[in-house]
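Working notes, beginning with the structure itself.
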Amino acid sequence: MTDINIQPAEQTGEELNELMQARRDKLAAIIDKGIEPFGRHYETTHHAQEVLDNFNELEGTQVRVAGRIMAIRGHGKAGFANLRDMSGQIQLYLRQDVLGDEAYDLVHQFDMGDIIGAEGTVFRTRTGEISIKATTVVFLTKALRPLPEKWHGLKDVEIRYRQRYLDLIVNPDVQRAFLVRSRMIQSLRRTLDARGFLEVETPMMHAIAGGAAAKPFVTHHNALDMKLYMRIAPELYLKRLIVGGFEKIYELNRVFRNEGISIKHNPEFTLLELYQAFADYDAVMKLTEEVIASVAQEVLGTTQITYQGQAIDLTPPWRRISMSEAVKQYSGIDFATIHTLEEARKAADSIGVHYEPGHGIGGILNVVFEEKAEAHLVQPTFIVRYPTEISPLAKRCQDDPDYTDRFEGFIFGREIANGFSELNDPIDQRERFLGQVAQRESGDSEAHMMDEDFVTALEYGMPPTGGLGIGIDRLAMFLTDSYSIRDVILFPHMRHRDPSEG
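Using my numbering, the first residue of the sequence shown is number 146, and each one after it goes up by one.
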């Protein structure tokens with residue numbers, strides 16, 4: 146048997162065509178033998194990792210596995226193939242005298258990337274590697290394109306993100322990251338369900354874009370002849386349910402914001418929002434740190450994680466500091482001594498922080514915080530007492546109406562959670578909406594629209610309520626040590642490829 150290990154290097158278009166033609170030639174040969182190259186049901190008994198983990202019990206027994214060939218090599222009358230399934234990889238030992246001439250001839254048609262089924266005996270080779278001595282092999286899918294070469298194709302982020310299926314095939318670490326993400330979401334649901342929360346679903350398309358400061362995607366419903374917005378947040382619908390009598394609810398689903406793309410942003414992302422009647426932002430902060438720590442412990446087995454080389458301790462309680470205190474600590478500007486807009490502008494100018502003409506004192510405080518303080522919040526930290534100016538849905542602080550009972554949670558300088566004591570005063574809420582409308586009219590496209598029905602709902606009475614939003618993708622980044630949000634979204638949005646780039 147000749148060496149049939151196929152691991153193509155970076156290929157020109159002509160070389161790729163030759164490789165693809167060779168695979169089609171093998172496809173034709175398989176069909177000529179009366180073999181179905183795109184098979185049907187194949188019953189397995191084990192996954193690869195199960196065989197490896199349970200070798201002592203399985204040694205000498207027959208098992209059936211299925212997966213993709215990641216390497217194949219051999220000479221003369223025997224060879225080896227590495228078979229990978231979702232659990233991991235195991236070696237197949239292929240012998241002509243065991244398989245028979247006809248089946249062994251079929252092995253010559255194998256290429257890296259083909260999907261096969263194999264039945265055989267579990268044993269350990271002379272070199273000590275746990276393997277399966279195949280007694281039968283079955284073609285399940287002939288791969289007509291060669292996989293990218295291991296060290297080149299998958300370093301290209303364009304290929305990794307545009308053709309995620311290749312990334313998952315060749316890079317097991319990527320698949321493991323998405324398994325962690327899936328288990329994280331399952332754990333979140335279990336944790337909230339155990340605490341008495343009810344999962345609900347609210348509309349994805351809204352007649353009014355609200356619940357967050359963001360630009361929406363706009364669409365049109367033909368039958369109703371009306372403009373609709375892809376939701377930027379489920380908040381206002383969820384709070385309507387609190388008005389209706391639900392006391393603990395959450396939604397874990399997609400939201401859409403027409404904003405830039407970066408290592409921290411994708412135009413559609415997954416958000417957990419929850420609301421608890423008769424609670425306030427202190428209770429929700431406690432819930433936030435407990436839930437995140439619980440999920441990390443369940444999924445990773447620890448609350449001590451490492452993100453981009455930085456050790457981070459998720460163990461509660463997390464540090465708490467007001468926005469004004471954080472700004473004073475990291476910029477030297479004490480907003481507690483600033484009482485006029487002119488003073489706020491001069492303070493920002495003195496440290497080179499840009500602000501918009503429409504920003505009030507609270508808006509300027511926020512941009513100074515974002516530029517001078519955020520990056521320093523590496524260990525889990527709650528920033529509290531957000532300006533009322535930038536918190537139109539949060540309840541005012543009892544001791545200072547210019548600030549609200551709102552918090553944001555930060556890890557590694559990035560926002561991971563946002564919550565507050567919900568504003569349930571319909572009169573104050575209407576006034577805040579009107580202030581947002583004025584900001585929109587002055588050019589702020591991210592300011593809230595007026596939502597009369599939500600105000601009407603509040604007029605029927607909403608109990609004191611604590612609310613929370615957690616960015617699922619960002620949490621997944623931390624738990625998988627992923628640098629970019631695109632590394633934890635299976636199919637991130639990308640620019641159209643320029644045809645001239647090939």
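For glycine and all other residues, C-beta sits at the position ideal for the given N, C-alpha and C.
- In the structure shown, the three-state DSSP call for glutamate 346 is coil.
- Between the alpha carbons of arginine 269 and isoleucine 275 lies a gap of roughly 4 Å.
- Between threonine 415 and asparagine 398, the beta carbon gap of about 7 Å places them in contact (Cβ cut-off 8 Å).
- By the criterion of a C-beta distance shorter than 6 Å, glutamine 421 is surrounded in its chain by Lys393 and Gly611, once the five residues flanking it on both sides are discounted.
- Here arginine 551 carries a strand assignment [DSSP, helix/strand/coil].
- Taking a C-beta distance under 9 Å as the contact criterion, arginine 168 and alanine 288 qualify as a contact pair.
- In the pairwise beta carbon analysis, the stretch 406-413 is classified as not touching the stretch 326-333: fewer than three pairs are separated by under 8 Å.
- Straight-line spacing of the CA atoms in glycine 446 and alanine 583 works out to 50 Å.
- Contact check for tyrosine 395 against leucine 369 fails: the beta carbons are separated by 9 Å or more.
- In this chain, the alpha helix (DSSP H) harbouring isoleucine 304 covers 302-307.
- For asparagine 511, the closest C-alpha among the options Phe552, Ala322, Leu239 and Leu432 is that of Phe552.
- Put simply, the backbone Cα of leucine 313 is about 45 Å away from that of glutamine 581.
- With fewer than 16 other CB atoms across the displayed protein chains lying within 10 angstroms of its CB, asparagine 367 is exposed.
- The Cβ atoms of glycine 212 and isoleucine 261 lie closer than 9 Å to each other.
- Within its own chain, the residues whose Cβ lies closer than 8 Å to the Cβ of threonine 460, once the five positions on either side in sequence are excluded, are Ala438, Thr448 and Gln449, listed in chain order.
- Membership of tyrosine 374 in any alpha helix (DSSP H) is not indicated; the residue belongs instead to the beta strand (DSSP E) covering 371-375.
- Counting along the chain, threonine 601 sits inside the alpha helix (DSSP H) bounded by residues 597-604.
- One thing to note: aspartate 550 has its Cβ within 9 Å of the Cβ of valine 529.
- Taking 9 Å as the cut-off, the beta carbon of phenylalanine 183 is found no closer than this to the beta carbon of isoleucine 217.
- When secondary structure is reduced to three states using DSSP, tyrosine 500 falls in the coil class, being assigned neither helix nor strand.
- Nearest C-alpha to proline 525 among Gly477, Lys360, Arg464 and Val345: Arg464.
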